[in-house]
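Visitor:
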Amino acid sequence: MTETRLRLSIVGVVIVAVFAAMFARLWYLQIASGSQYVAAAASNSYRTVPEPPLRGRVLDAKGRVLADDRIANVVTVDRRISDTDRDLVVGRLAELLSVPAATLRERLADPRVSPYQPVPVALDVPIEALTYVSEHAEDFPGVKAQPMAVRRYPNGTIGAHVIGYTGEINAEELEDAPASERYSLGDDIGKSGVEQTYERVLRGRPGRYEYEVDAAGRVLRTAERVRATPGHDVQLTIDLDIQRVAEQALAEGLASARLQRDVVDKARFTPLRASAGSVVVIDTTDGSVVALASNPTFDPNAFTNGIPTATWRALNDPANHYPLLNRVVSGQYAPGSTFKLISGIAGVRSGLVTATSTVDDQGRYKISDQVFTNDGAVVNGRIGLQRAMTVSSDVYFYTIGGSLWPKQRRGEAGGDIIQETARLYGFGRATGIDLPNEAVGRVPDADWKQRIHDARPDAFPYPDWLPGDNVQLAVGQGDMLATPLQLAMAFQAFVADGRLATPRLVSQILDADGRVVRTLPAVDAGRVPVPARDALLAGFAGVVGTDEGTAKGAFATYPQQPPAVGGKTGTAQVAGKQNTSLFVGFTPIQNPRYVVAVVAEEAGYGSQTSAPIARAIFEALNGLPVAPVVAIPPAGGN
Amino acid sequence: MAGLTNVLGERRSRLDTSPLRHLDLVLVGSVLAINLLGLVMIYSATRNGLAGDTGATYYLQRQLIFVVLGVAIMAGAIVIDYHRMREWAPAIYVVTIVMLALVITPLGSSTLGSQARFAVGPIAIQPSEFAKFAIILILAAYCAVHRGDLGGRHLITVLAIVAPALGLVMLQPDLGTALVIGVIVLAILAVAGAKGRHLAVLALIGITGAVVAVNLGVLKPYQVDRLTAFLDQNGDQQRTTYNLEQSKTAIGNGGVTGQGLFKGSQTSLGHVPEQHTDFIFTAVGEELGFVGAGLLLVLFGVVVWRSWRMAVLSNDFFGTLLCVGVVAMLAFQIFENVGMTMGIMPITGIPLPFMSYGGSSALVSFACVGLVANVSMRRFS
Chain B
87 MTETRLRLSI VGVVIVAVFA AMFARLWYLQ IASGSQYVAA AASNSYRTVP EPPLRGRVLD
147 AKGRVLADDR IANVVTVDRR ISDTDRDLVV GRLAELLSVP AATLRERLAD PRVSPYQPVP
207 VALDVPIEAL TYVSEHAEDF PGVKAQPMAV RRYPNGTIGA HVIGYTGEIN AEELEDAPAS
267 ERYSLGDDIG KSGVEQTYER VLRGRPGRYE YEVDAAGRVL RTAERVRATP GHDVQLTIDL
327 DIQRVAEQAL AEGLASARLQ RDVVDKARFT PLRASAGSVV VIDTTDGSVV ALASNPTFDP
387 NAFTNGIPTA TWRALNDPAN HYPLLNRVVS GQYAPGSTFK LISGIAGVRS GLVTATSTVD
447 DQGRYKISDQ VFTNDGAVVN GRIGLQRAMT VSSDVYFYTI GGSLWPKQRR GEAGGDIIQE
507 TARLYGFGRA TGIDLPNEAV GRVPDADWKQ RIHDARPDAF PYPDWLPGDN VQLAVGQGDM
567 LATPLQLAMA FQAFVADGRL ATPRLVSQIL DADGRVVRTL PAVDAGRVPV PARDALLAGF
627 AGVVGTDEGT AKGAFATYPQ QPPAVGGKTG TAQVAGKQNT SLFVGFTPIQ NPRYVVAVVA
687 EEAGYGSQTS APIARAIFEA LNGLPVAPVV AIPPAGGN
Chain E
3 MAGLTNVLGE RRSRLDTSPL RHLDLVLVGS VLAINLLGLV MIYSATRNGL AGDTGATYYL
63 QRQLIFVVLG VAIMAGAIVI DYHRMREWAP AIYVVTIVML ALVITPLGSS TLGSQARFAV
123 GPIAIQPSEF AKFAIILILA AYCAVHRGDL GGRHLITVLA IVAPALGLVM LQPDLGTALV
183 IGVIVLAILA VAGAKGRHLA VLALIGITGA VVAVNLGVLK PYQVDRLTAF LDQNGDQQRT
243 TYNLEQSKTA IGNGGVTGQG LFKGSQTSLG HVPEQHTDFI FTAVGEELGF VGAGLLLVLF
303 GVVVWRSWRM AVLSNDFFGT LLCVGVVAML AFQIFENVGM TMGIMPITGI PLPFMSYGGS
363 SALVSFACVG LVANVSMRRF S
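Protein chains in written order, with my numbering: chain B, 87 to 724; chain E, 3 to 383.
1) Please tell me whether residue 140(B) and residue 290(B) are closer than 9 angstroms, where the distance is taken between their beta carbons.
2) Does residue 582(B) pass the burial test, meaning 16 or more other C-beta atoms within 10 Å, or should it be called exposed?
3) So, is residue 148(B) buried or exposed, given that buried needs 16 or more other C-beta atoms within 10 angstroms?
4) Below 7 angstroms on C-beta distance, what does residue 104(B) contact in chain E?
5) Relative to the C-alpha of residue 355(B), which candidate in 344(B), 549(B) and 362(B) has its C-alpha closest?
6) Answer yes or no: do residue 163(B) and residue 194(B) have a C-beta to C-beta separation smaller than 9 angstroms?
7) Evaluate residue 462(B) with the Cβ neighbour count: other Cβ atoms within 10 Å of its Cβ, from every protein chain shown; 16 or more gives buried, anything less gives exposed.
8) Along the chain, which unbroken stretches of the alpha helix (DSSP H) at least 4 residues long are found entirely within the segment 396-452 of chain B?
9) Do three or more CB pairs link the segment 601-610 of chain B to the segment 660-674 of chain B at distances below 8 angstroms?
10) Once DSSP output is grouped into helix, strand and coil, what is the label at residue 234(B)?
11) Below 8 angstroms on C-beta distance, what does residue 291(E) contact in chain B?
12) Just mark residue 248(E) as buried or exposed, buried being the case when its beta carbon has 16 or more other beta carbons within 10 Å.
13) Going by DSSP in three states, residue 357(B) sits in which element: helix, strand or coil?
14) I want to know whether the segment 267-285 of chain B touches the segment 94-108 of chain B - three or more CB-CB distances under 8 angstroms.
15) Look at the alpha carbon of residue 237(E) and the alpha carbon of residue 171(B), and state the distance between them as a whole number of angstroms.
16) Give me the chain E residues within the contact set of residue 131(B), using Cβ-Cβ distance strictly less than 8 angstroms, ordered along the chain.
17) Residue 456(B) lies in the beta strand (DSSP E); which residues open and close that run?
18) Buried or exposed: residue 318(B), going by 16 or more other Cβ atoms within 10 Å of its Cβ?
19) Going by alpha carbons, who is nearest to residue 207(B) out of 287(B), 230(B), 362(B) and 487(B)?
20) CB residue 475(B) to CB residue 625(B), shorter than 9 angstroms?
21) At 8 angstroms on the CB atoms, spell out the chain E contacts of residue 90(B), in chain order.
22) From the DSSP secondary-structure annotation, give me the bridge partner or partners of residue 648(B).
23) Can you list, in chain order, the residues of its chain whose CB lies under 7 angstroms from that of residue 730(B), leaving out five sequence neighbours each side?
24) Using 10 angstroms around the beta-carbon of residue 241(E), count the other beta-carbons present and answer buried if the total reaches 16, otherwise exposed.
25) Hey, is the segment 315-335 of chain E in contact with the segment 63-73 of chain E, meaning 3+ C-beta pairs nearer than 8 angstroms?
26) Buried or exposed: which applies to residue 324(B), given that a residue is buried once 16 or more other Cβ atoms fall within 10 Å of its Cβ?
27) Taking only the alpha-carbon atoms, compute the straight-line gap between residue 339(E) and residue 347(E) and give it to the nearest angstrom.
28) When we look at the beta-carbon of residue 548(B) and count the other beta-carbons within 10 Å, is it buried (16 or more) or exposed?
29) Is there at least one Cβ from chain B nearer than 9 angstroms to residue 43(E)'s Cβ?
30) With distance defined between alpha-carbon atoms, name the residue in 180(E), 131(E) and 159(E) nearest to residue 169(E).
31) In angstroms, rounded to a whole number, what distance separates the CA positions of residue 345(E) and residue 250(E)?
32) Select from the segment 70-100 of chain E all residues with a C-beta closer than 8 angstroms to any C-beta belonging to chain B, and list them in chain order.
33) Mark residue 425(B) as exposed unless 16 or more other C-beta atoms lie within 10 angstroms of its C-beta, in which case mark it buried.
34) DSSP three-state label for residue 206(B), please.
35) Using a Cβ-Cβ cut-off of 6 angstroms (strictly less than) and excluding sequence neighbours within five positions of residue 282(B), which residues of its own chain qualify?
36) Between 653(B), 647(B), 592(B) and 655(B), which lies nearest to residue 287(B) when the distance is taken from Cα to Cα?
Structural data, given as structure tokens:
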């Protein structure tokens, strides 16, 4: 019996151990690590479904819609369905929606849409098809038909570079966005233009549904609903009418330039490429951007609900000259003779020239063994500031640049007055416009040349600021770079009597009920010196309105004669490329209201392509009939 | 008057002499308390309806019937002298084997991947549950006779007796019940005096057999996955460890005092699969917390302790071995079931006695406790 007792005791001990183990584990799960499981239980029982807010509209200066949301019937497919289901669904949808199966497959394979979000495969589905899909859900696994807010740009390409476009947020943007903004995969975000810079205003606050769900994911009840707050409307300073004219004039001008030969080319067989260009129109009173166009352009509607791969490739193909690039703010060009505004003012400020003093222009300028000539070696004789501007005498400005060089070489005050004046007028720094990717350009000087030499001695063997550098700078050549917007703003400061403005793109923010929630005032960017203003104004007026003016031909058909327009042509040489054609002008001549800057890449002389484009825009600004733009074959002069 | 007094006196004296006066009320009371809790928790786990059926009280009503039947069977197992059962043991066992054989023919029906039950109208009968009872009875009977002489021939006889039942259960396949049977056999042999090294070899064979069953594809893949999920609890949550994660989450969500009866989110929303059957402990854990689940374990402890005590106190060795079989069965099932819900034992389909929804399990558990009470109250006669 004692042996049985012993054996029973062993059984008893085993049982006690087993119960002890259960108690220990129970204690561990419920008390030691309780909060962890409580959290897991909570997330088990609730599903949060974000409710995207209705995005605010983008309006033009007169309240016309440039971008808004519309409700579209969309068919979406869950990408996590099995391959068999996918084949089935693609086949049935292709039939039902009369869309090629290949197109549907491409949409489903789109790598730019997150795998967790249903892919919209068809927009604006007829209501019958929508109903059919809903009623035959079992035949369409993973397919949903639902109304969805879709971004719409009613004017197509018009204003594309200002408005920008929206697209699905990518991983990088998701990471960069502050947590308080509560972005989630599948959300749309502004990708360029005002859609990007005013994202926080336009987007609104997303809402969410918190559903209590059972194990099968069935919704039992709505535990919480936070309503989405619609985004605010953004009213631009852009005038849709002027914008339309600007884009059309730019496109016409470039197309027409392509029919002409590059006269700089010795054989004269090469046609102008005129591959790209840009226009910006500024209201001089407050720096408002009235129009901003870049060519080639794109249709922001193409990005709605995922851009087709082929379209995306085309937009990024170098052969198409990067239509997404906003050349007004991102393009950097040698300003050529349009820069004479700055070197002229610098010359007066330095005391080298006055409004009435003259320089003897014999067609050539020689400094330390280097000879610089006028275009076509034209001889202008004794010439003052006004006429130097009108006929675009290079020698006049070479003289200013060359005369300043010794002082600059010696490091004396005022030696770099061209550079200083350029910087005062806003060159070499961002203007601060509310658009992404603004380039700063470059104002070259001795420091800069030393710096790039130190950084890469092999590529830049000459560390010294040479006489030629200063001479070239005076005519906007050499290493000087400016964006079209910087050029426009420099002329704005000049015609506005020295009040340099910050370009203003948005005038006010309105809420969903149309009430103004914020007004964005004009922002002053400083005072700039404007000596010899009358002589310069008269010189610029002569460019357009006198027989010897470089832009005379371009404005020959202008309905008012002489035109109430002043301006300056520019023709900038670019290594390995055809000349950049520039024109910056203003209207009217007394108390100018608008500045127009036009830059056309590889489009020949300023007078040839850009001045005619500007002419059409001036016609529109002055309420005159707008004649088609035709490039003017060069008669000489730059 | 005298006659009446006499009648009353006779009655009193019949009660006084009946073994029922020695009925272990602690054991029976604990079992009834556990069953009551079981009914409440089954209601809690099923009142929102399971996929595709019935009202809030469907499972409660059915389980209530099983409990009433179970109490009746327990009463029967108490009243009939267990020594009589000793004589019936071979017959009961043969009937069980026949049922086990029939259930894997097309007569049986298949659920959840194993062919383990007869569908008789609305009721499903699981012969493997009854096999546990039959094996306890026949092994106790055989080993009591060959006490202390369980090497060699008698050991082989024991194995020969058990083999058909074990084999047929494995063919269903029902690894859980096979393990329970194995533990019952080992416990009875151990107490009956089998040699330590024989027991060790048998245990080894049992474990090897289980491993081979897993690897040779006797089990359905899902059974293997469930079984091995506890080895890798951080594995792919969507597949095999899903059960386990949901189970631990529900228990952990209970904390010290629980979410309150009928207030557990995991329980009322049906997040734990098979919660009213094999995972009923998670409902207790979530809604009644450490206090409630601990109390349940204490009640189970009392039942096992009273049964073990009876094994010690029984006045014959057959009674001792019966109680040992019941102790082994209950303790292993409790540990395996509660252990699997908490991730310390592999997931096998073993019901929690007196708690899990299911008729056969309830009836057999009651019958086994009846046996213990039977032994208990007849130890003085």
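Yeah, the Cβ is synthetic: ideal placement off N, Cα and C, and Gly gets one too.
Guide: According to the data block:
1) If you number the first sequence from 1, residue 140(B) lands on position 54. If you number the first sequence from 1, residue 290(B) lands on position 204. Yes, the Cβ-Cβ distance between residue 140(B) and residue 290(B) is below 9 angstroms.
2) As a working note, residue 582(B) is residue 496 in the first sequence. Per the 10 Å Cβ criterion, buried.
3) Position 62 of the first sequence holds residue 148(B). Counting Cβ neighbours within 10 Å, residue 148(B) comes out exposed, since fewer than 16 surround it.
4) One-based indexing of the first sequence puts residue 104(B) at position 18. Those within 7 angstroms of residue 104(B) in chain E are 333 and 337.
5) Walking along the first sequence from the start, residue 355(B) turns up at place 269. With distances taken between Cα atoms, residue 355(B) lies closest to 344(B).
6) Here the question's residue 163(B) lines up with position 77 in the first sequence. Here the question's residue 194(B) lines up with position 108 in the first sequence. Yes, these two residues count as a Cβ contact at 9 angstroms.
7) If you number the first sequence from 1, residue 462(B) lands on position 376. So residue 462(B) counts as exposed.
8) 413-416 and 426-436
9) no
10) Here residue 234(B) is taken as the residue at index 148 of the first sequence, counted from 1. Three-state DSSP puts residue 234(B) in a strand.
11) Counting from one through the second sequence, the residue named residue 291(E) turns up at place 289. Going along chain B in sequence order, the residues near residue 291(E) (Cβ under 8 angstroms) are 116.
12) The sequence position of residue 248(E) within the second sequence is 246, counting from 1. With 16 or more Cβ atoms within 10 Å of its Cβ, residue 248(E) is classed as buried.
13) On the first sequence, position 271 is the one that residue 357(B) refers to. Reduced to three states, the DSSP call for residue 357(B) is strand.
14) no
15) Sequence index remark: in the second sequence, residue 237(E) carries index 235 (1-based). Sequence index remark: in the first sequence, residue 171(B) carries index 85 (1-based). Caution applies to residue 237(E), whose pLDDT of 47 falls short of 50 and renders its modelled position unreliable; the model cannot decide the point.
16) Residue 131(B) sits at position 45 when you count from the first residue of the first sequence. Simply 267, 268, 271 and 273.
17) Sequence index remark: in the first sequence, residue 456(B) carries index 370 (1-based). 456-459 is the extent of the beta strand (DSSP E) around residue 456(B).
18) Translated into positions along the first sequence, residue 318(B) becomes position 232. Residue 318(B) comes out buried.
19) As a first step, residue 207(B) must be located in the first sequence, where it is residue number 121. Taking only the C-alpha atoms, the option nearest residue 207(B) is 230(B).
20) The sequence position of residue 475(B) within the first sequence is 389, counting from 1. The sequence position of residue 625(B) within the first sequence is 539, counting from 1. Yes, the Cβ-Cβ distance between residue 475(B) and residue 625(B) is below 9 angstroms.
21) Here residue 90(B) refers to the residue found at position 4 of the first sequence. Simply 193, 195, 319 and 322.
22) Here the question's residue 648(B) lines up with position 562 in the first sequence. Paired residues: none, contrary to the question.
23) Because chain B is modelled from 87 through 724, residue 730(B) falls outside the range shown and cannot be assessed.
24) Residue numbering aside, residue 241(E) sits at position 239 when the second sequence is read from its first letter. Reliability of the predicted coordinates at residue 241(E) is poor, the pLDDT of 44 falling under 50, and no value is obtained from them.
25) no
26) By 1-based counting over the first sequence, the position of residue 324(B) is 238. It counts as buried.
27) The sequence position of residue 339(E) within the second sequence is 337, counting from 1. The sequence position of residue 347(E) within the second sequence is 345, counting from 1. Their backbone Cα atoms lie some 8 angstroms apart in a straight line.
28) Here the question's residue 548(B) lines up with position 462 in the first sequence. Exposed, because fewer than 16 other Cβ atoms sit within 10 Å of the Cβ of residue 548(B).
29) Looking up residue 43(E) in the second sequence gives position 41. Output row for residue 43(E): interface = no.
30) To locate residue 169(E), count along the second sequence from 1; it is residue 167. Comparing Cα positions, the closest option is 180(E).
31) Counting from one through the second sequence, the residue named residue 345(E) turns up at place 343. Counting from one through the second sequence, the residue named residue 250(E) turns up at place 248. Taking the straight line joining both Cα atoms gives about 7 angstroms.
32) none
33) As a working mapping, residue 425(B) is identified with position 339 in the first sequence. Flag for residue 425(B) reads buried.
34) Looking up residue 206(B) in the first sequence gives position 120. Looking at residue 206(B) - three-state DSSP - the assignment turns out to be strand.
35) Counting from 1 along the first sequence, the entry for residue 282(B) is found at position 196. Cβ within range, chain order: 250, 276 and 522.
36) Reading the first sequence from its first residue, position 201 is the one you call residue 287(B). It is 592(B) whose Cα lies nearest to the Cα of residue 287(B).
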